[in-house]
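S.K.:
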Amino acid sequence: MSRESWDDYWLKQAELVATRSTCLRRKIGAVAVKDKRGIASGFNGAPPNIMHCEDRGGCLREQLNIPSGSQHEKCFALHGEMNLIIQAATTGVNLKGSTVYCTHSPCFICAKMLIGVKISRLVYSNSYPDMDSIELFSEIGEMKVTENFTEWNFK
Numbered sequence: 006m007s008r009e010s011w012d013d014y015w016l017k018q019a020e021l022v023a024t025r026s027t028c029l030r031r032k033i034g035a036v037a038v039k040d041k042r043g044i045a046s047g048f049n050g051a052p053p054n055i056m057h058c059e060d061r062g063g064c065l066r067e068q069l070n071i072p073s074g075s076q077h078e079k080c081f082a083l084h085g086e087m088n089l090i091i092q093a094a095t096t097g098v099n100l101k102g103s104t105v106y107c108t109h110s111p112c113f114i115c116a117k118m119l120i121g122v123k124i125s126r127l128v129y130s131n132s133y134p135d136m137d138s139i140e141l142f143s144e145i146g147e148m149k150v151t152e153n154f155t156e157w158n159f160k
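As structure tokens, this is what we get:
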């Protein structure tokens, strides 16, 4: 019997998490894993009790013609990686040493946050137009590109 790799399995879980996203521009999902067990997840969308963009009449970033990968503060949503970290923090889960699987490469802000919680590995299947995060990851880790995903191993 042939089974898919753990990396492919967890990337599919991140894609499933992304289906809960309320973002009108791009659906992002993230899953943190330790010892082959999911320990936290997050998708992009407005924080609790804040109206989603659909309820606001559209995406503010679209209305302001802000290109993808810039001016992240001009958005009502939290990124999937941010929500993953918030979920871990509010439930008492330590992300140190975990692997985070994302549907897309993190933005610069999320990259700093993931580095700050000391994940040991990052795996993503799609690129996001924010080269600053790649430059940051290069300072502390090694990148490996496979047919299905990109992976970073951090010191």
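Counting from 6, one number per residue, gives the positions in the sequence shown under the numbering used here.
Each residue gets a CB set at the ideal place from its N, CA and C atoms; glycine is no exception.
#1: Considering only the beta carbon of each residue, do L65 and F48 sit closer than 8 Å?
#2: Taking 6 Å as the limit between beta carbons, can you name the residues of its chain near K149, skipping five residues before and five after?
#3: Based on Cα-Cα distance, which residue from N158, M6, R31 and V36 lies nearest to L13?
#4: Tell me whether R126 counts as near the ligand ZN, meaning its Cβ is closer than 7 Å to at least one heavy atom of that ligand.
#5: Can you name the residues that DSSP bridges to N158?
#6: How far does the beta strand (DSSP E) with G47 in it reach, from first residue to last?
#7: Please list the terminal residues of the continuous alpha helix (DSSP H) segment that includes Y106.
#8: Can you list the alpha helix (DSSP H) stretches of 4 or more residues lying completely in the stretch 13-90, in chain order?
#9: What number of angstroms, rounded off, separates the C-alpha of S130 from the C-alpha of G121?
M.R.: According to the structure data:
#1: Locating residue 65 in the sequence shown gives position 60, counting from the first residue. Locating residue 48 in the sequence shown gives position 43, counting from the first residue. Contact flag unset, no.
#2: Locating residue 149 in the sequence shown gives position 144, where the first residue counts as 1. Only E156 meet the Cβ criterion.
#3: On the sequence shown, residue 13 is found 8 positions in, with the first residue counted as 1. Per the sequence shown, residue 13 should be read as Asp rather than Leu. If we check each option's Cα against that of D13, V36 comes out closest.
#4: The ligand ZN is absent from the structure shown, which contains no ligand whatsoever.
#5: Residue 158 sits at position 153 when you count from the first residue of the sequence shown. Beta-bridge pairing links N158 to R126 and E147.
#6: Along the sequence shown, read from residue 1 onward, the residue named residue 47 stands at position 42. From DSSP, the beta strand (DSSP E) with G47 extends over R42 to F48.
#7: Here residue 106 corresponds to residue number 101 of the sequence shown, with the count starting at 1. Not the alpha helix (DSSP H): Y106 falls in the beta strand (DSSP E), residues T104 to H109.
#8: 58-61 and 65-68
#9: Your numbering for residue 130 matches position 125 in the sequence shown. Your numbering for residue 121 matches position 116 in the sequence shown. So the alpha carbons of these two residues sit roughly 22 Å apart.
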